[in-house]
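Colleague:
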Amino acid sequence: DGKSPGPQLLLAILISDVGITLAHFASHRLSSLWRLHAVHHSVKRLYGFNGLMKHPLHQLIETVAGTTPLLFVGVPQNVLMLLVVAVVLQLLLQHSNVAYFTGPLRRVLAINAVHRFHHLNTAEEGDVNFGLFTTLTDRLLGTAYFDSERTIGTKDLGIASTPNYPADYWQQLMQPFRRDKT
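Residue numbers (the numbering used here): 3 to 184.
Printed below as a string of structure tokens:
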């Protein structure tokens, strides 16, 4: 139709962000979802590819939560394809160890400096900042958090409640289905 997909993509990002954030939030509240999501939190060091390290079933849950509303409103296929690229790029950036942005937009954008707090190894500290693109849903949920004075190191990451969580990805894929859940 000759129209720029930019405005549609921005709207698709905002809509999908709500669904993804709510699924992510639920994954920290429901043990059945947490067992799948724990794969993503098992890392002891944050770098870009951590954003893509997920259990495939959990990725499916977040994808369905983020895209179902868009399918109901009839988002064009080209916008959905651009959204996939945007999600992958944001996952890489959000988990990167690069100081690419500071300033007041950290109150709205779910940048890496904000998302790092989500990866703190205890539920008391890490159950914050669930958003992929924005902190808007986190603000509504009361889970938005940022402390510019806090330094986060490798000792602060991982899953404190499960120190023996498997490091091998193939073992992690099976971990949600094991009885011992170590």
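Every residue gets a Cβ at the ideal spot worked out from N, C-alpha and C, and that includes glycine. Fair warning: this is a prediction, and the values are worked out from it, not measured in the lab.
(1) Please classify Tyr171: is it buried, with 16 or more other beta-carbons within 10 angstroms of its beta-carbon, or exposed?
(2) Between which two residues does the alpha helix (DSSP H) carrying His39 extend?
(3) Going by CA-CA distance only, name the one from Ser29, Gln92 and Ser44 that's closest to Leu122.
(4) Pull up the distance between the alpha-carbon of Thr104 and that of Leu12, whole angstroms please.
(5) Tell me the residue span of the alpha helix (DSSP H) that contains Thr69.
(6) Can you pull the DSSP bridge partners for Leu111?
(7) Which residues in the same chain as His42 place their Cβ atom closer than 8 Å to its Cβ, once the five residues preceding and following it in sequence are excluded?
(8) Please list the terminal residues of the continuous alpha helix (DSSP H) segment that includes Ser163.
(9) Going by C-alpha distance, which of Gln96, Asp129, Asn80 and Tyr147 is nearest Arg31?
(10) Taking Gly8 and Ala67 to be in contact with their CB atoms under 8 Å, please state how far apart those CB atoms are, rounded to whole angstroms.
(11) Taking only three categories from DSSP, how would you classify Leu48?
(12) Looking at the unbroken alpha helix (DSSP H) that takes in Leu18, where does it start and where does it end?
(13) What do you get for Phe119, buried or exposed, if any count of 16 or more other CB atoms within 10 angstroms of its CB means buried?
Modeller: Working from what's here:
(1) Tyr171 is exposed by the Cβ-count criterion.
(2) Residues Ser33 to His43.
(3) Among Ser29, Gln92 and Ser44, the Cα nearest to that of Leu122 belongs to Ser44.
(4) For Thr104 and Leu12, the distance between alpha carbons rounds to 22 Å.
(5) That run of the alpha helix (DSSP H) goes Pro58 to Val75.
(6) Leu111 pairs with Thr136.
(7) The beta carbon of His42 sits closer than 8 Å to the beta carbons of Asn52, Met55, Lys56, His57 and His60 from its chain, once the five residues preceding and following it are set aside; these are given in chain order.
(8) Here Ser163 belongs to no alpha helix (DSSP H), and DSSP marks it neither H nor E.
(9) Checking every option, the nearest Cα to that of Arg31 belongs to Asp129.
(10) Between Ala67 and Gly8 the Cβ distance is about 24 Å, and since that is not below 8 Å, they are no contact.
(11) In this structure, DSSP gives Leu48 a state outside helix and strand, which the three-state scheme calls coil.
(12) Just to set this straight, residue 18 is Ser in the shown sequence, not Leu. Start and end: Gly8 to Ser29.
(13) By the neighbour-count rule (16 or more Cβ atoms within 10 Å), Phe119 is buried.
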